[in-house]
Every structure is written in C-alpha cells, then in structure tokens.
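If you count by my numbering, then the sequence shown holds residues 690 to 998, one letter each, in order.
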Amino acid sequence: MSCERPPRLCWIYPDRSSAWLRRAEDEGLWERYRRVAGRLGLRVSVHAPETVSVDARVPLAYLDGEPVTPTEAIFITDLYALPHQTVDVCNQVTLFTVLEQLGFHLPIPPSIACLTAEKAATLLFLRDCPAPPVPSVRICAGRDGARAHYLPALAGLAFPLLVKPAYWGTGIGVCVVRDLDAFQGVVSLAGGSDTALIVQPYFEDVVDYRVYLIEGRPHAALRTEKAGGRRVAGYVEVPEELRKAVSWISSRLPLPYLAVDFLFDGERFWLSEVEPDGAVEPSDDGLGDALVMRRFQAYLKAFGKKFSM
690 MSCERPPRLC WIYPDRSSAW LRRAEDEGLW ERYRRVAGRL GLRVSVHAPE TVSVDARVPL
750 AYLDGEPVTP TEAIFITDLY ALPHQTVDVC NQVTLFTVLE QLGFHLPIPP SIACLTAEKA
810 ATLLFLRDCP APPVPSVRIC AGRDGARAHY LPALAGLAFP LLVKPAYWGT GIGVCVVRDL
870 DAFQGVVSLA GGSDTALIVQ PYFEDVVDYR VYLIEGRPHA ALRTEKAGGR RVAGYVEVPE
930 ELRKAVSWIS SRLPLPYLAV DFLFDGERFW LSEVEPDGAV EPSDDGLGDA LVMRRFQAYL
990 KAFGKKFSM
C-alpha cells in the first residue's frame with residue numbers, strides 16, 4: 690500500500706467541553722496544530738468518538754459519514770478521562786482498539802494510551818527509571834470511604850501530602866492536605882464520583898520540568914515554577930541529570946513523540962508523569978511551533994515506513 694498525498698491528522702477527542710472551554714482549547718491548542726500542520730501540507734481535525742463508524746464486513750471506517758482508509762488518516766488516540774469525559778472512556782478505549790485492528794497508524798497505541806492515562810500504572814511500568822518515580826499510593830474509596838480501609842497502604846507517608854485524581858490531567862483536582870481530617874475530606878469528595886486517587890509526598894517550592902522526546906531524543910525542556918503566586922514557565926536546555934533517565938524511558942516507550950514530566954525538589958529529580966499527547970507552552974510561538982512541527986514530521990515518518998511500497 691502506498692500514499693499519494695499526505696494523511697490527515699485526526700484527534701479523537703470527546704466533545705463534552707463548555708463553550709468557554711472550547712474557545713480556550715482552540716486558542717491554546719488546536720489553532721497552533723492547524724497552523725503548523727498547514728506548513729507541512731497537512732490538515733488537522735478533531736472528532737468525538739461517536740463520529741467514527743465501522744463496517745466490519747468490508748472492513749471500512751467512516752469519519753463523519755465519509756469513508757476513510759488507513760492510508761488517508763493518522764488517528765491520535767490518547768485517552769481523555771477528565772470528569773466531564775468519564776462517560777466517553779469506554780467508547781474511546783474500544784474505538785482505539787477497533788482502529789488498530791483496521792490497520793490505521795496510531796502514534797499512541799491503545800495499550801500505551803491506557804498505561805499513561807493512569808498515573809500509578811505509569812510509575813509502576815517505569816519504576817526502575819534512573820530518576821526515581823515520586824513515591825505514590827493509589828486508593829479508591831468509593832461509597833465505603835468512611836471505613837478508611839486505605840490507611841494501611843499510606844503507612845510511611847507523612848503530612849503534608851499531595852492528593853490528585855489517578856487519571857485526570859491538566860492539574861485539575863490537585864489538592865494539598867496537611868492533616869488527616871483534611872485528607873479524609875478530600876477522599877470523601879472523590880468517593881462521591883468513584884474517582885481513584887494518587888497520594889504522594891508534597892514538595893515545597895518544587896520546580897517542574899517537562900522534557901519533549903521526539904523519535905526518542907530530547908529536544909527541549911519546559912521549566913515551570915511558581916513565583917509570587919504566579920506561574921512562570923520557559924524553555925531551557927534539558928538538564929544533564931535527566932538525559933540518562935529520558936533515554937531509558939524512550940527505550941521503554943518507543944513512541945514518535947512523548948512528553949515526560951519531572952519534579953525537582955531542590956536536591957534531586959523525581960519522575961512524575963508521562964504524556965504521549967503532552968502540549969507545548971501555549972504562550973510561546975517560536976520553540977513551541979518547532980516542537981509541534983518536529984512531532985508531526987515524526988508521525989509522517991513512521992506513517993511512511995508503515996505504508997511504503
């Protein structure tokens with residue numbers, strides 16, 4: 690099978706955002722993707738899971754009612770599981786598997802999408818990383834949270850603690866708790882929606898580093914910290930202390946594009962999260978655009994290898 694024209698880049702993304710959030714997502718993400726893709730002669734489109742239909746007899750996929758073949762589209766299939774997207778999780782996971790069976794090129798395979806969406810699973814998979822994972826405990830209280838059956842698992846963790854949903858993103862739901870009463874209050878709120886939680890030590894004055902890997906090689910790092918109550922972010926060289934860690938991670942997760950998040954507590958680096966669809970800094974147009982372009986070029990390169998004669 691060969692390709693006569695560049696494929697479309699099709700994101701599968703649940704259509705659950707409010708009008709305000711749609712505007713924010715478009716301005717901070719999709720507009721940049723469309724602009725950069727246009728320079729490569731590509732087209733970016735965003736589709737809710739329910740817009741994809743499949744005739745398993747042929748087999749053939751339909752996107753918004755139009756037939757689409759594996760040589761015409763690259764589907765970006767990261768798993769989105771924010772609270773307003775929970776109803777779409779099952780449809781996303783199963784659709785990703787169907788697209789894989791149809792032969793589409795998926796830069797984020799379904800197994801990796803599920804692995805990296807779950808923070809505890811990610812850290813377990815990468816537990817031997819040269820930059821050690823943040824010590825973490827996963828709990829899910831549910832309706833029986835008042836039993837506090839999770840307390841034995843927390844032995845050895847001291848307050849203050851950082852508590853966050855196990856499979857949300859963008860910093861939503863992150864809480865700092867300084868005593869047991871506050872902790873149990875957060876757990877009871879999470880239990881109301883059966884949300885699993887990750888519990889970690891809280892690092893004061895922590896600095897975040899997001900390292901962008903393209904075809905397994907680090908290209909830049911986004912350094913983020915809080916100063917005077919404000920978020921201050923900017924691109925820096927990848928710290929030498931992280932090069933061995935990111936090389937090791939890329940060997941375990943050989944994806945064309947990957948964003949890896951680390952925390953620096955003033956003394957050492959800790960592995961925090963991995964995002965195969967991690968975004969660049971919205972306020973930057975120079976290096977951010979270059980990273981997106983290299984990402985898309987890596988997608989095209991892998992696509993070309995799959996469908997070359």
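Quick reminder that beta carbons are idealized off the backbone N, C-alpha and C, glycines included. Model, not experiment: these values are computed from the prediction.
Please list the terminal residues of the continuous beta strand (DSSP E) segment that includes Pro907.
Run containing Pro907: 906 to 916, per the beta strand (DSSP E) assignment.
Please identify the residue among Glu789, Ala806, Pro748, Pro759 whose C-alpha is closest to the C-alpha of Thr775.
Answer by Cα proximity: Ala806.
Quick check: is the beta carbon of Val787 nearer than 8 Å to any beta carbon in chain C?
As a matter of chain content, chain C is missing from the structure shown, which is built from one protein chain.
Quick check on the DSSP output: what are the complete alpha helix (DSSP H) runs of length 4 or more inside the stretch 855 to 901, in order along the chain?
Within the stretch 855 to 901, the complete alpha helix (DSSP H) segments at least 4 residues long are 869 to 880, listed from N- to C-terminus.
Backbone CA spacing between Asp954 and Asp715 [nearest angstrom]:
Near 33 Å, if we compare the C-alpha coordinates of Asp715 and Asp954.
Who are the near neighbours of Val743 in its chain, counting only those whose CB is closer than 6 Å to its CB and skipping five residues on each side?
Answer for Val743: Ala750, Val787, listed in chain order.
Can you give the beta carbon distance from Val999 to Ala910, rounded, assuming they're within the 8 Å contact cut?
What is shown of the chain runs 690 to 998, which leaves residue 999 out entirely.
When the Cβ atoms of the stretch 849 to 862 are set against those of the stretch 882 to 897, are three or more pairs found closer than 8 Å?
Remark: three or more beta-carbon pairs, one from each stretch, lie closer than 8 Å, so the stretch 849 to 862 and the stretch 882 to 897 are flagged as touching.
Measuring alpha carbon to alpha carbon, tell me which residue in Ala991, Gln986, Lys994 is nearest Gly730.
Out of Ala991, Gln986, Lys994, Gln986 has the C-alpha closest to the C-alpha of Gly730.
Return the first residue and the last residue of the beta strand (DSSP E) that Pro849 is part of.
Careful: Pro849 lies outside any beta strand (DSSP E) and carries neither H nor E.
Counting beta carbon pairs with one atom in the stretch 822 to 829 and one in the stretch 952 to 972, are three or more of them shorter than 8 Å?
Segment contact: the stretch 952 to 972 against the stretch 822 to 829, three or more CB-CB distances shorter than 8 Å; contact assigned.
In the stretch 753 to 778, which residue ranges form an unbroken beta strand (DSSP E) of at least 3 residues, counting only runs that do not cross its ends?
Counting only runs of 3 or more, we get 755 to 757, 762 to 765.
Spatially closest choice to Glu859 from Arg867, Arg932, Ala968, Ile828, by CA coordinates:
A small correction: the amino acid at residue 859 is Thr; Glu does not occupy that position in the sequence shown. Of the candidates Arg867, Arg932, Ala968, Ile828, the one whose C-alpha sits nearest the C-alpha of Thr859 is Ala968.
I'd like to know whether the C-beta atoms of Leu991 and Pro796 end up nearer to each other than 8 Å.
Leu is not the amino acid found at residue 991; the sequence shown has Ala there. Taking the C-beta atoms as reference points, Pro796 is found nearer than 8 Å to Ala991.
Given a cut-off of 8 Å on the beta-carbon distance, is the pair Ile701 and Asp966 in contact?
Asp966 is positioned such that its CB atom lies no closer than 8 Å to that of Ile701.
What is the DSSP secondary structure of Gly834, reduced to helix, strand or coil?
Looking at Gly834 - three-state DSSP - the assignment turns out to be helix.
Does the beta-carbon distance from Gly880 to Gly831 come in below 8 Å?
It is a contact, given that the beta carbons lie within the stated cut-off.
On the three-state DSSP scale, how would you describe Gly967?
Coil.
Extract the residue ranges of the beta strand (DSSP E) inside the stretch 719 to 759, only unbroken runs of 3 or more that lie entirely within it.
Here the runs fully enclosed are 733 to 736, 741 to 744, 749 to 752, 755 to 757.
Tell me which same chain residues have a C-beta within less than 6 Å of the C-beta of Tyr839, skipping the five on either side of it?
Cβ neighbours of Tyr839 beyond the five flanking positions: Ile828.
Can you tell which of Glu755, Arg906, Ile801 has the C-alpha that lies nearest to the C-alpha of Tyr769?
The shortest C-alpha separation from Tyr769 is found at Ile801.
Residue(s) in a DSSP beta bridge with Gly923:
According to the DSSP secondary-structure assignment, Gly923 is paired through a beta bridge with Arg912.
Could you tell me whether the Cβ atoms of Ala842 and Ala885 are closer together than 8 Å?
No, the pair does not count as a contact, with Cβ atoms beyond the cut-off.
Once you ignore the five residues that flank Arg867 on each side, which residues in its own chain have a CB closer than 6 Å to its CB?
Answer for Arg867: Phe848, Pro849, listed in chain order.
Which value, in whole angstroms, describes the spacing of the CA atoms of Leu952 and Glu755?
Rounded to whole angstroms, the gap between the alpha carbons of Leu952 and Glu755 is 45 Å.
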